[in-house]
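Mapping of the sequence shown onto our numbering: residues 2 to 428, in sequence order.
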Amino acid sequence: MQSDILIIGAGMSGLTAARTLAEAGRNVTLLEASSRVGGRIHTLREANETIELGAEFIHGRPPELWSLIEEANLETYELDGSMLTYEDGRLQSRDEEEESTPILDKLESLPGPDLTFAEYLTHHPIPEDQKQAAIGYVEGFNAADHRIISTHALGLQQAAEEAIEGDRLFRVKDGYDRLPQFLAQKFTDAGGTLALNTLVERIDWTPNHVRIQAQTNGRPITHDAAKAVITLPLGVLQQNSVAFSPTPDALHEANRIRMGNARRFTLVFREPFWKHLPPAGLRELSFLLSFSSMPPVWWTPHPASSNTLTGWVGGPRSEALANLTPSQLSEAACKTLAQIFSLNPADIRVQLLSCHTHDWQHDPFSLGAYSYIAAGALDACSKMTLPAGNTLYFAGEHTDTTGHWGTVHAAIRSGQRAAQQILQQST
(Lines of atoms letter the chains of each structure in order from A and count residues from 1; the text may use other names and numbers.)
(Lines give C-alpha, C1' and ligand atoms only; values in the text may rest on other atoms or scores of the structure.)
Protein backbone atom coordinates (compact mmCIF):
# COMPACT_ATOMS: atom_id res chain seq x y z
CA MET A 1 0.00 0.00 0.00
CA GLN A 2 1.25 3.48 -0.88
CA SER A 3 0.88 6.64 1.24
CA ASP A 4 2.60 10.00 1.48
CA ILE A 5 3.30 9.48 5.17
CA LEU A 6 3.10 6.52 7.53
CA ILE A 7 2.56 6.98 11.26
CA ILE A 8 3.57 4.12 13.55
CA GLY A 9 1.57 4.01 16.77
CA ALA A 10 -1.87 5.45 17.58
CA GLY A 11 -1.12 6.89 21.00
CA MET A 12 -1.56 10.60 21.57
CA SER A 13 1.62 11.59 19.71
CA GLY A 14 0.81 9.44 16.68
CA LEU A 15 -2.81 10.56 16.55
CA THR A 16 -1.79 14.21 16.83
CA ALA A 17 0.76 13.94 14.03
CA ALA A 18 -1.64 11.93 11.86
CA ARG A 19 -4.51 14.36 12.27
CA THR A 20 -2.31 17.41 11.63
CA LEU A 21 -0.83 15.95 8.45
CA ALA A 22 -4.15 14.62 7.11
CA GLU A 23 -5.82 17.99 7.64
CA ALA A 24 -2.92 19.56 5.74
CA GLY A 25 -3.91 17.45 2.74
CA ARG A 26 -1.37 14.64 3.02
CA ASN A 27 -2.24 11.01 2.30
CA VAL A 28 -1.60 9.47 5.72
CA THR A 29 -1.87 5.90 7.00
CA LEU A 30 -1.74 5.28 10.75
CA LEU A 31 -0.65 1.80 11.86
CA GLU A 32 -1.52 0.56 15.37
CA ALA A 33 -0.56 -2.84 16.75
CA SER A 34 -3.42 -3.14 19.24
CA SER A 35 -7.18 -3.23 18.73
CA ARG A 36 -7.76 0.32 20.02
CA VAL A 37 -6.34 3.83 19.84
CA GLY A 38 -4.93 5.73 22.81
CA GLY A 39 -1.77 3.85 23.71
CA ARG A 40 -1.14 4.32 27.42
CA ILE A 41 -4.50 6.03 27.80
CA HIS A 42 -6.82 3.11 28.51
CA THR A 43 -10.23 3.59 30.14
CA LEU A 44 -12.55 0.93 31.54
CA ARG A 45 -16.19 1.44 32.47
CA GLU A 46 -17.92 -0.73 35.04
CA ALA A 47 -21.40 0.04 36.36
CA ASN A 48 -21.25 3.73 37.27
CA GLU A 49 -17.45 3.87 37.56
CA THR A 50 -14.99 5.26 35.02
CA ILE A 51 -11.67 3.54 35.70
CA GLU A 52 -8.38 4.67 34.20
CA LEU A 53 -5.87 1.87 33.70
CA GLY A 54 -3.18 4.16 32.31
CA ALA A 55 -2.83 7.94 32.18
CA GLU A 56 -5.41 9.59 34.40
CA PHE A 57 -4.56 13.17 35.29
CA ILE A 58 -4.33 16.41 33.38
CA HIS A 59 -1.34 18.05 35.04
CA GLY A 60 -1.98 21.77 35.30
CA ARG A 61 -2.95 23.93 32.33
CA PRO A 62 -0.81 22.84 29.35
CA PRO A 63 -2.27 24.77 26.39
CA GLU A 64 -1.93 22.04 23.75
CA LEU A 65 -3.93 19.62 25.89
CA TRP A 66 -6.60 22.06 27.05
CA SER A 67 -7.25 23.39 23.55
CA LEU A 68 -7.90 19.82 22.43
CA ILE A 69 -10.18 19.13 25.39
CA GLU A 70 -12.17 22.26 24.60
CA GLU A 71 -12.36 21.38 20.90
CA ALA A 72 -13.66 17.92 21.81
CA ASN A 73 -16.15 19.55 24.19
CA LEU A 74 -15.14 17.25 27.04
CA GLU A 75 -16.23 17.99 30.58
CA THR A 76 -13.46 18.06 33.18
CA TYR A 77 -13.22 18.66 36.89
CA GLU A 78 -10.40 19.57 39.25
CA LEU A 79 -9.42 17.23 42.05
CA ASP A 80 -9.66 18.68 45.51
CA GLY A 81 -10.31 17.34 48.98
CA SER A 82 -8.09 16.16 51.79
CA MET A 83 -4.58 14.80 51.63
CA LEU A 84 -3.72 12.44 54.47
CA THR A 85 -0.60 10.61 55.55
CA TYR A 86 -0.17 7.39 57.48
CA GLU A 87 3.04 7.17 59.48
CA ASP A 88 4.04 5.77 62.83
CA GLY A 89 0.66 4.09 63.06
CA ARG A 90 -1.27 7.35 62.77
CA LEU A 91 -3.53 8.68 60.02
CA GLN A 92 -3.44 12.47 59.88
CA SER A 93 -4.02 15.43 57.59
CA ARG A 94 -1.13 16.72 55.53
CA ASP A 95 -0.56 20.40 54.79
CA GLU A 96 -0.75 21.42 51.13
CA GLU A 97 2.66 23.08 51.46
CA GLU A 98 4.25 19.73 52.23
CA GLU A 99 3.37 18.38 48.79
CA SER A 100 6.39 19.96 47.14
CA THR A 101 9.61 18.78 48.73
CA PRO A 102 11.80 21.89 49.22
CA ILE A 103 14.91 20.06 48.02
CA LEU A 104 13.42 19.73 44.53
CA ASP A 105 13.00 23.50 44.24
CA LYS A 106 16.76 23.86 44.69
CA LEU A 107 17.39 21.72 41.61
CA GLU A 108 15.95 24.36 39.26
CA SER A 109 19.17 26.39 39.35
CA LEU A 110 21.64 23.65 40.18
CA PRO A 111 25.12 24.47 38.81
CA GLY A 112 27.88 22.04 37.96
CA PRO A 113 27.87 18.58 36.39
CA ASP A 114 24.73 16.49 36.14
CA LEU A 115 24.39 14.10 39.07
CA THR A 116 22.01 11.30 39.86
CA PHE A 117 19.55 12.21 42.59
CA ALA A 118 21.31 9.71 44.88
CA GLU A 119 24.65 11.45 44.27
CA TYR A 120 23.04 14.82 44.92
CA LEU A 121 21.73 13.60 48.29
CA THR A 122 25.21 12.39 49.19
CA HIS A 123 26.70 15.82 48.45
CA HIS A 124 23.81 17.69 50.08
CA PRO A 125 22.83 15.68 53.17
CA ILE A 126 19.44 16.33 54.77
CA PRO A 127 17.62 14.70 57.71
CA GLU A 128 16.77 11.06 57.07
CA ASP A 129 13.00 11.56 57.13
CA GLN A 130 13.25 14.36 54.54
CA LYS A 131 15.61 12.25 52.46
CA GLN A 132 13.23 9.29 52.36
CA ALA A 133 10.30 11.57 51.54
CA ALA A 134 12.26 13.13 48.68
CA ILE A 135 13.29 9.72 47.32
CA GLY A 136 9.70 8.50 47.63
CA TYR A 137 8.41 11.50 45.70
CA VAL A 138 11.06 11.35 42.96
CA GLU A 139 10.64 7.62 42.39
CA GLY A 140 6.85 7.63 42.73
CA PHE A 141 6.12 10.64 40.53
CA ASN A 142 8.73 9.82 37.87
CA ALA A 143 8.48 6.00 37.97
CA ALA A 144 12.25 6.31 38.26
CA ASP A 145 15.25 4.91 40.11
CA HIS A 146 16.72 7.73 42.22
CA ARG A 147 20.17 6.18 41.69
CA ILE A 148 19.84 6.87 37.94
CA ILE A 149 17.59 9.89 37.36
CA SER A 150 19.20 13.21 36.38
CA THR A 151 19.11 16.15 38.80
CA HIS A 152 19.33 18.58 35.88
CA ALA A 153 16.26 16.93 34.36
CA LEU A 154 14.46 17.08 37.71
CA GLY A 155 15.24 20.79 37.91
CA LEU A 156 13.93 21.38 34.39
CA GLN A 157 10.83 19.36 35.23
CA GLN A 158 10.21 21.34 38.41
CA ALA A 159 10.36 24.65 36.54
CA ALA A 160 8.18 23.28 33.72
CA GLU A 161 5.54 22.12 36.20
CA GLU A 162 5.45 25.51 37.91
CA ALA A 163 4.94 27.27 34.56
CA ILE A 164 1.70 25.37 33.90
CA GLU A 165 0.40 25.15 37.49
CA GLY A 166 1.34 21.49 37.45
CA ASP A 167 0.37 20.97 41.08
CA ARG A 168 -3.28 21.24 40.00
CA LEU A 169 -4.83 17.98 38.82
CA PHE A 170 -7.86 17.53 36.57
CA ARG A 171 -9.74 14.54 35.16
CA VAL A 172 -11.92 14.04 32.10
CA LYS A 173 -15.32 13.25 33.59
CA ASP A 174 -16.38 10.70 30.99
CA GLY A 175 -12.95 9.08 30.70
CA TYR A 176 -9.59 10.06 29.25
CA ASP A 177 -10.06 7.75 26.26
CA ARG A 178 -12.59 10.19 24.81
CA LEU A 179 -9.62 12.33 23.79
CA PRO A 180 -7.80 9.80 21.55
CA GLN A 181 -11.15 8.68 20.17
CA PHE A 182 -11.88 12.28 19.20
CA LEU A 183 -8.48 12.62 17.49
CA ALA A 184 -8.97 9.36 15.61
CA GLN A 185 -12.34 10.58 14.34
CA LYS A 186 -10.86 13.90 13.20
CA PHE A 187 -8.08 11.99 11.44
CA THR A 188 -10.41 9.70 9.49
CA ASP A 189 -12.78 12.61 8.75
CA ALA A 190 -9.81 14.32 7.08
CA GLY A 191 -9.30 11.31 4.82
CA GLY A 192 -6.71 9.43 6.87
CA THR A 193 -6.55 5.64 6.98
CA LEU A 194 -6.44 3.94 10.39
CA ALA A 195 -5.23 0.34 10.48
CA LEU A 196 -5.67 -1.37 13.86
CA ASN A 197 -4.30 -4.82 14.75
CA THR A 198 -1.33 -4.04 12.52
CA LEU A 199 1.98 -5.08 14.04
CA VAL A 200 5.00 -3.43 12.43
CA GLU A 201 7.96 -5.81 12.23
CA ARG A 202 10.50 -4.09 10.02
CA ILE A 203 11.26 -0.61 8.66
CA ASP A 204 13.62 -0.27 5.69
CA TRP A 205 14.40 3.25 4.59
CA THR A 206 16.49 5.34 2.24
CA PRO A 207 16.18 9.11 1.76
CA ASN A 208 12.54 9.90 0.90
CA HIS A 209 11.42 6.29 0.86
CA VAL A 210 10.17 4.03 3.64
CA ARG A 211 9.03 0.43 3.34
CA ILE A 212 7.28 -1.09 6.33
CA GLN A 213 6.62 -4.78 6.71
CA ALA A 214 3.80 -5.61 9.08
CA GLN A 215 1.24 -8.21 10.06
CA THR A 216 -2.44 -7.23 9.96
CA ASN A 217 -4.53 -9.77 11.85
CA GLY A 218 -1.74 -12.25 11.17
CA ARG A 219 -1.50 -11.54 7.43
CA PRO A 220 1.73 -10.04 6.05
CA ILE A 221 1.36 -6.63 4.44
CA THR A 222 3.77 -4.03 3.05
CA HIS A 223 3.33 -0.26 3.27
CA ASP A 224 5.38 2.27 1.29
CA ALA A 225 5.67 6.01 1.83
CA ALA A 226 8.02 8.95 1.40
CA LYS A 227 8.23 9.58 5.14
CA ALA A 228 7.32 7.97 8.45
CA VAL A 229 6.70 9.22 11.97
CA ILE A 230 7.75 6.68 14.60
CA THR A 231 5.81 7.06 17.85
CA LEU A 232 6.58 3.68 19.39
CA PRO A 233 7.01 3.88 23.18
CA LEU A 234 10.57 4.12 24.45
CA GLY A 235 10.49 0.61 25.90
CA VAL A 236 9.49 -0.87 22.55
CA LEU A 237 12.30 0.99 20.78
CA GLN A 238 14.83 -0.20 23.34
CA GLN A 239 13.67 -3.80 23.01
CA ASN A 240 14.32 -3.66 19.25
CA SER A 241 10.82 -5.02 18.75
CA VAL A 242 10.89 -3.39 15.32
CA ALA A 243 13.92 -3.91 13.07
CA PHE A 244 15.30 -0.79 11.36
CA SER A 245 17.59 -0.87 8.34
CA PRO A 246 19.73 1.12 8.46
CA THR A 247 19.66 1.93 12.18
CA PRO A 248 18.86 5.64 12.66
CA ASP A 249 20.85 7.66 15.19
CA ALA A 250 17.67 8.22 17.19
CA LEU A 251 17.74 4.60 18.35
CA HIS A 252 21.19 5.08 19.88
CA GLU A 253 19.87 8.14 21.72
CA ALA A 254 16.79 6.21 22.85
CA ASN A 255 19.04 3.76 24.68
CA ARG A 256 20.43 6.62 26.79
CA ILE A 257 16.96 7.47 28.16
CA ARG A 258 15.26 5.23 30.72
CA MET A 259 11.81 3.68 30.70
CA GLY A 260 10.25 3.83 34.14
CA ASN A 261 8.08 1.18 35.72
CA ALA A 262 4.99 1.61 37.85
CA ARG A 263 2.09 -0.50 39.06
CA ARG A 264 -1.36 0.89 39.57
CA PHE A 265 -4.66 -0.79 40.31
CA THR A 266 -8.16 0.38 41.13
CA LEU A 267 -10.37 -1.28 43.72
CA VAL A 268 -14.15 -0.95 43.33
CA PHE A 269 -16.11 -1.20 46.58
CA ARG A 270 -19.80 -1.51 47.44
CA GLU A 271 -19.60 1.91 49.06
CA PRO A 272 -16.88 4.42 50.01
CA PHE A 273 -16.56 2.93 53.51
CA TRP A 274 -13.59 5.15 54.39
CA LYS A 275 -15.86 8.19 54.50
CA HIS A 276 -17.42 6.85 57.70
CA LEU A 277 -14.07 6.43 59.49
CA PRO A 278 -11.96 8.85 61.52
CA PRO A 279 -10.29 11.24 61.02
CA ALA A 280 -12.80 13.66 59.49
CA GLY A 281 -10.53 14.28 56.48
CA LEU A 282 -11.45 10.86 55.10
CA ARG A 283 -14.90 12.17 54.19
CA GLU A 284 -13.30 14.23 51.42
CA LEU A 285 -10.27 12.03 50.79
CA SER A 286 -8.27 12.89 47.69
CA PHE A 287 -4.77 11.47 48.28
CA LEU A 288 -3.43 9.20 51.01
CA LEU A 289 0.33 8.78 51.39
CA SER A 290 1.88 5.93 53.34
CA PHE A 291 5.50 5.68 52.24
CA SER A 292 6.23 2.65 54.42
CA SER A 293 3.30 0.69 52.96
CA MET A 294 2.78 -1.12 49.68
CA PRO A 295 1.53 0.61 47.66
CA PRO A 296 2.65 3.93 49.16
CA VAL A 297 0.13 6.15 47.34
CA TRP A 298 -3.66 5.96 47.18
CA TRP A 299 -6.22 8.31 45.68
CA THR A 300 -9.91 8.78 44.96
CA PRO A 301 -11.46 10.85 42.14
CA HIS A 302 -12.95 13.28 44.70
CA PRO A 303 -15.02 15.43 44.32
CA ALA A 304 -16.59 13.03 41.83
CA SER A 305 -18.88 10.48 43.45
CA SER A 306 -17.06 7.16 43.35
CA ASN A 307 -16.62 3.91 45.26
CA THR A 308 -13.03 3.46 44.12
CA LEU A 309 -9.56 3.63 45.61
CA THR A 310 -6.55 3.56 43.30
CA GLY A 311 -3.19 2.31 44.52
CA TRP A 312 0.09 3.42 42.95
CA VAL A 313 3.77 2.60 43.29
CA GLY A 314 6.48 3.84 40.92
CA GLY A 315 10.15 3.10 40.44
CA PRO A 316 12.09 0.11 41.79
CA ARG A 317 9.55 -0.53 44.56
CA SER A 318 6.97 -1.40 41.91
CA GLU A 319 8.82 -4.69 41.34
CA ALA A 320 7.19 -5.97 44.54
CA LEU A 321 3.81 -5.89 42.77
CA ALA A 322 5.03 -6.49 39.22
CA ASN A 323 3.86 -10.07 38.79
CA LEU A 324 0.79 -10.12 41.03
CA THR A 325 -2.59 -11.07 39.59
CA PRO A 326 -5.65 -8.88 40.31
CA SER A 327 -6.72 -11.30 43.07
CA GLN A 328 -3.26 -11.17 44.65
CA LEU A 329 -3.25 -7.38 44.39
CA SER A 330 -6.67 -7.29 46.04
CA GLU A 331 -5.51 -9.43 48.94
CA ALA A 332 -2.36 -7.38 49.49
CA ALA A 333 -4.33 -4.14 49.23
CA CYS A 334 -6.94 -5.26 51.77
CA LYS A 335 -4.19 -5.97 54.29
CA THR A 336 -2.55 -2.59 53.67
CA LEU A 337 -5.81 -0.67 53.90
CA ALA A 338 -6.81 -2.57 57.03
CA GLN A 339 -3.62 -1.40 58.70
CA ILE A 340 -4.08 2.20 57.55
CA PHE A 341 -7.76 2.38 58.53
CA SER A 342 -7.40 0.28 61.73
CA LEU A 343 -9.84 -2.34 60.46
CA ASN A 344 -9.89 -6.09 60.11
CA PRO A 345 -8.92 -7.17 56.56
CA ALA A 346 -12.14 -9.21 56.42
CA ASP A 347 -14.16 -6.02 56.88
CA ILE A 348 -12.55 -4.57 53.76
CA ARG A 349 -12.79 -7.79 51.74
CA VAL A 350 -16.54 -7.90 52.23
CA GLN A 351 -16.80 -4.41 50.74
CA LEU A 352 -14.62 -5.19 47.71
CA LEU A 353 -16.35 -5.87 44.39
CA SER A 354 -13.48 -5.94 41.88
CA CYS A 355 -9.88 -5.02 41.13
CA HIS A 356 -8.72 -3.63 37.79
CA THR A 357 -5.16 -3.25 36.55
CA HIS A 358 -3.06 -3.32 33.41
CA ASP A 359 0.51 -4.60 33.36
CA TRP A 360 2.23 -1.90 31.31
CA GLN A 361 5.66 -3.25 32.15
CA HIS A 362 5.01 -6.55 30.38
CA ASP A 363 2.59 -5.27 27.73
CA PRO A 364 4.59 -5.82 24.49
CA PHE A 365 3.17 -2.58 23.06
CA SER A 366 4.46 -0.40 25.92
CA LEU A 367 7.14 -2.27 27.93
CA GLY A 368 7.00 0.24 30.75
CA ALA A 369 5.06 3.14 32.20
CA TYR A 370 6.77 6.30 30.93
CA SER A 371 10.24 7.72 30.42
CA TYR A 372 12.67 9.55 32.65
CA ILE A 373 16.10 11.04 32.02
CA ALA A 374 19.28 9.40 33.28
CA ALA A 375 22.10 11.58 34.57
CA GLY A 376 24.15 12.85 31.64
CA ALA A 377 21.46 12.06 29.05
CA LEU A 378 19.46 15.29 28.96
CA ASP A 379 20.59 15.98 25.38
CA ALA A 380 19.32 12.60 24.13
CA CYS A 381 15.73 13.83 23.87
CA SER A 382 16.59 16.78 21.64
CA LYS A 383 18.78 14.55 19.47
CA MET A 384 15.84 12.19 19.02
CA THR A 385 13.85 15.04 17.48
CA LEU A 386 16.32 15.36 14.58
CA PRO A 387 14.92 13.78 11.39
CA ALA A 388 16.83 10.84 9.94
CA GLY A 389 17.60 11.71 6.33
CA ASN A 390 14.48 13.90 6.21
CA THR A 391 12.63 10.59 6.10
CA LEU A 392 12.14 9.21 9.62
CA TYR A 393 10.77 11.40 12.40
CA PHE A 394 10.51 10.32 16.02
CA ALA A 395 7.81 11.47 18.43
CA GLY A 396 6.41 10.43 21.80
CA GLU A 397 6.58 11.68 25.37
CA HIS A 398 10.21 10.49 25.59
CA THR A 399 11.22 13.02 22.90
CA ASP A 400 9.97 16.02 24.87
CA THR A 401 12.60 18.72 25.39
CA THR A 402 10.71 20.99 27.78
CA GLY A 403 10.70 19.02 31.05
CA HIS A 404 7.30 17.37 30.65
CA TRP A 405 8.38 13.76 30.03
CA GLY A 406 5.82 11.14 30.89
CA THR A 407 2.75 13.29 30.26
CA VAL A 408 -0.07 13.33 27.75
CA HIS A 409 0.68 16.94 26.85
CA ALA A 410 4.31 16.02 26.08
CA ALA A 411 3.05 13.35 23.69
CA ILE A 412 0.71 15.82 21.99
CA ARG A 413 3.45 18.43 21.70
CA SER A 414 5.85 15.92 20.15
CA GLY A 415 3.27 14.88 17.56
CA GLN A 416 2.72 18.51 16.64
CA ARG A 417 6.45 19.03 16.33
CA ALA A 418 7.00 16.01 14.06
CA ALA A 419 4.11 17.03 11.81
CA GLN A 420 5.43 20.58 11.50
CA GLN A 421 8.90 19.29 10.65
CA ILE A 422 7.41 17.41 7.69
CA LEU A 423 5.16 20.26 6.57
CA GLN A 424 7.92 22.87 6.75
CA GLN A 425 10.17 20.63 4.72
CA SER A 426 7.51 20.31 2.05
CA THR A 427 7.03 24.06 1.56
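C-beta: ideal position from N, C-alpha, C; glycine also.
Between the alpha carbons of residue i and residue j, how many angstroms are there, rounded?
i	j	result
Asn218	Arg37	13 Å
Asn86	Ser291	Checking the sequence, you will find Thr at residue 86 rather than Asn. If you take the alpha carbons of Thr86 and Ser291, they lie about 6 Å apart.
Glu156	Ala334	It should be pointed out that residue 156 corresponds to Gly in this sequence rather than to Glu. Taking the straight line joining both Cα atoms gives about 34 Å.
Leu7	Ser246	16 Å
Leu180	Thr189	15 Å
Gln421	Met260	26 Å
His303	Leu387	42 Å
Trp313	Arg264	6 Å
Arg172	Phe58	5 Å
Asp130	Asn345	29 Å
Leu184	Leu66	12 Å
Leu170	Leu75	16 Å
Ser415	Pro63	13 Å
Ala226	Leu238	21 Å
Glu120	Glu72	45 Å
Short of 7 Å in beta carbon distance, which residues of its chain neighbour residue i, apart from the five on each side in sequence? Order them along the chain.
i	result
Phe455	Any property of residue 455 remains undetermined from this structure, which presents the chain solely from 2 to 428.
Ser383	Thr402
Ala378	Ser151, Arg257 and Ile258
Pro249	Ala389 and Leu393
Phe342	Trp275 and Leu278
Got a sec? Which residues, its chain only, sit under 8 Å from residue i by beta carbon, not counting five neighbours each side?
i	result
Glu88	Ser291, Phe292 and Ser293
Pro221	Gln214 and Ala215
Glu272	Asn308 and Gln352
Gly407	Asn143, Ala144, Gly261, Ala370, Tyr371, Ser372, Tyr373 and Glu398
In chain order, what residues of the same chain lie with their CB nearer than 6 Å to the CB of residue i, ignoring the 5 residues before and after it?
i	result
Ala419	Ala18, Val230, Tyr394 and Ala396
Phe288	Met84 and Trp300
Pro296	Gly312, Trp313 and Val314
Glu163	none
Gly10	Thr232 and Leu233
Compare the Cα-Cα distances from residue i to each of the options and report the closest residue.
i	options	result
Gln329	Arg350, Thr403 and Asp250	Arg350
Gln240	Leu252, Pro247 and Ser246	Leu252
Ser110	Gln133, Gln159, Ala411 and Glu72	Gln159
Ser35	Pro388, Ser367 and Ser372	Ser367
Glu355	Gly15, Asn324 and Arg46	Glu is not the amino acid found at residue 355; the sequence shown has Ser there. It is Arg46.
Ala48	Gly192, Leu32, Ser307 and Gln340	Ser307
Ala375	Arg95, Arg148, Thr44 and Ile52	Arg148
Ser94	Ala281, Ala411 and His124	Ala281
Ala255	Glu79, Tyr121, Gln3 and Asp380	Asp380
Provide the residue(s) that pair with residue i in DSSP beta bridges, ordered along the chain.
i	result
Phe245	Ile204
Val237	According to DSSP, Val237 bridges with nothing at all.
Ile9	Leu32 and Ile231
Gln214	Arg203 and Thr223
Is residue i near the ligand ZN - that is, is its Cβ less than 7 Å away from at least one heavy atom of it?
i	result
Thr207	Absence of the ligand ZN is noted for the structure shown, with no ligands found whatsoever.
Could you pull out every unbroken beta strand (DSSP E) segment of at least 3 residues lying fully inside the region 60 to 136, listed in chain order? 77 to 79, 83 to 88 and 91 to 94
Please give the ranges of any beta strand (DSSP E) in the region 254 to 332, keeping only runs that are unbroken, at least 3 residues long and fully inside the region. 259 to 261, 263 to 270, 286 to 290, 298 to 300 and 309 to 315
Going residue by residue through the region 141 to 204, where are the continuous beta strand (DSSP E) segments of at least 3 residues, counting only ones entirely within it? Listed in chain order, the beta strand (DSSP E) runs fully inside the region 141 to 204 are 170 to 173 and 194 to 196, counting runs of at least 3 residues.
Write down every uninterrupted run of the beta strand (DSSP E) in the region 332 to 399 whose length is 3 residues or greater and which is fully enclosed by it, in chain order. Listed in chain order, the complete beta strand (DSSP E) runs (minimum 3 residues) inside the region 332 to 399 are 353 to 358, 371 to 373 and 393 to 395.
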